[in-house]
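Undergrad:
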Amino acid sequence: MTRPEEMSAGPDLFDAEPRDQALSPGAMVLGGFARDMDRDLLAAIEGVLADAPPRHLVTPGGRRMSVAMSNCGRVGWVSDRRGYRYDLIDPESGRRWPAMPDIFTDLAIRAAAAAGFAGFAPDACLINRYEPGARLSLHQDRDERDRAAPIVSVSLGLPATFLWGGEKRSDRPRRIRIVHGDVTVWGGPARFAFHGVEPVADGAHPLTGRARYNLTFRKVF
Ligand code: SIN
Ligand code: FE2
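For this note's numbering, add 297 to where a residue sits in the sequence shown, where the first one is 1.
(1) Per DSSP, Ile475 is paired with what?
(2) Excluding five sequence neighbours on each side, which residues of the same chain lie with their C-beta closer than 7 Å to the C-beta of Ala405?
(3) Does the beta-carbon of Ala341 have 16 or more other beta-carbons within 10 angstroms, so that it is buried, or is it exposed?
(4) So, for Phe489: in the same chain, excluding its five sequence neighbours on each side, which residues have a beta-carbon less than 7 Å away from its beta-carbon?
(5) To the nearest angstrom, how far is the alpha carbon of Arg393 from that of Cys369?
(6) Could you tell me the alpha carbon to alpha carbon distance between Gly484 and Ala445, rounded to whole angstroms?
(7) Considering just the uninterrupted stretch of the alpha helix (DSSP H) at Asp399, what are its terminal residues?
(8) Do three or more CB pairs link the stretch 364 to 382 to the stretch 337 to 352 at distances below 8 Å?
(9) Could you name the residues of the same chain whose beta carbon sits closer than 7 Å to that of Arg474, not counting the 5 residues immediately before and after it, in chain order?
(10) How many angstroms separate the CA atom of Asp468 from the CA atom of Gly462?
(11) Along the chain, where does the alpha helix (DSSP H) that runs through Ala347 open and close?
(12) Using the rule of at least 16 other Cβ atoms within 10 Å of the residue's Cβ for burial, across every protein chain shown, is Pro471 buried or exposed?
(13) Within the continuous beta strand (DSSP E) that includes Phe527, where are the two ends?
(14) Do you know offhand how far Met579's Cα is from Phe401's?
(15) Does the distance from the C-beta atom of Ala331 to that of Gly478 stay below 9 Å?
(16) Work out the CA separation of Ile386 and Phe491 for me, nearest whole Å.
(17) Output yes or no for whether 9 Å exceeds the beta carbon distance between Val482 and Ala415.
(18) Hey, would you say the C-beta of Val494 is under 8 Å away from at least one heavy atom of ligand 1?
(19) Who are the near neighbours of Arg371 in its chain, counting only those whose CB is closer than 6 Å to its CB and skipping five residues on each side?
(20) What number of angstroms, rounded off, separates the C-alpha of Pro357 from the C-alpha of His502?
(21) Can Val326 and Val480 be called in contact, C-beta distance under 9 Å?
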C-alpha cells in the first residue's frame, strides 16, 4: 500500500497519506484500505441498522457497554447477564440478523488476503457505534469456534486510539492511531492478542458526524 511518492511526504500530510503498519507478527493496519468505498459502506451500515438497531448490551457482570452494537451475517455476537455468545437470532427483534451485504464480504476477504490470510470466509460482522466518550476495554476475541481465521476490523468516521496488547492481559498495550478507512487485521500468532479502544474524543466527521463505526468480521463456525 505504500506508494513511492509517499516516501517524501512531509509531516503535514501524515493523516492524508495512509500507510500500512505492522503491529506484531500476524497483525497489521492496512492504512486507508476501505477509504474509497466509505460512502457505500456507510449506506450498507445504515441499511443493516434500520433492521437491527444498535443497542447498549449488558456485560455478564451487569455493566451497560458504552459502545452500541448490532450485527449482520449468519450469527451475531451478543452479551447479557448469561454471558457472551453468538446467536442466530437478534434478541431484540426475535428474528434472524440481517444478511451480510456483499460489499462487506468482498472487503473483508480482500483485506484478509492483503494481510496474508487468503481464503477468509466471514460468517459474522459485529457493528460497533462509538459516540464521543465510548470505549472498549482490553479483551480477546475468543467466542469464535474457528480459531484459525483472522479478525478483520474496518474503521469509519471519527478517529480512535486502538490499544494493541499481547497474549496476556498484563502485557502493556501499544497505542495506535486509527483513522477513517483504516482496516486492521489480526490472525495466526496474533489471533488472541488483547486489544481495546480508548474513549473516542469529541469531534465531527464529515460523513458520520459525532460517531465512529467499526465493523469486525469473524468466522465463527
Ligand atoms: C472490537 O474489538 O470488537 C472492535 C475494535 C474497534 O472498535 O476498533
Ligand atoms: Fe475485539
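Just so you know, even glycine gets a beta-carbon here, dropped at the ideal spot from N, CA and C. Since this is a predicted model, take the numbers as computed values, not measurements.
TA: Inspection of the coordinates gives the following:
(1) Ala457
(2) Phe417, Pro419, Val449 and Phe514
(3) By the neighbour-count rule (16 or more Cβ atoms within 10 Å), Ala341 is buried.
(4) Gln437, Arg439 and Glu464
(5) 9 Å
(6) Inter-residue distance for Gly484 and Ala445 is about 7 Å (C-alpha atoms, whole angstroms).
(7) Per DSSP, the unbroken alpha helix (DSSP H) holding Asp399 starts and ends at Asp399 to Ala411.
(8) yes
(9) Pro456 and Thr458
(10) 6 Å
(11) Asp335 to Asp348
(12) For the sequence presented, residue 471 should be read as Arg rather than Pro. It is exposed - the Cβ of Arg471 has fewer than 16 other Cβ atoms within 10 Å.
(13) In the structure as shown, the chain starts at 298 and stops at 518, and residue 527 therefore has no counterpart that could be examined.
(14) Because the chain in this structure spans residues 298 to 518, residue 579 falls outside the shown range and cannot be described.
(15) For Ala331 and Gly478, yes; Cβs fall inside 9 Å.
(16) 28 Å
(17) no
(18) Within the cutoff, so yes.
(19) The residues are Asp420.
(20) 33 Å
(21) yes
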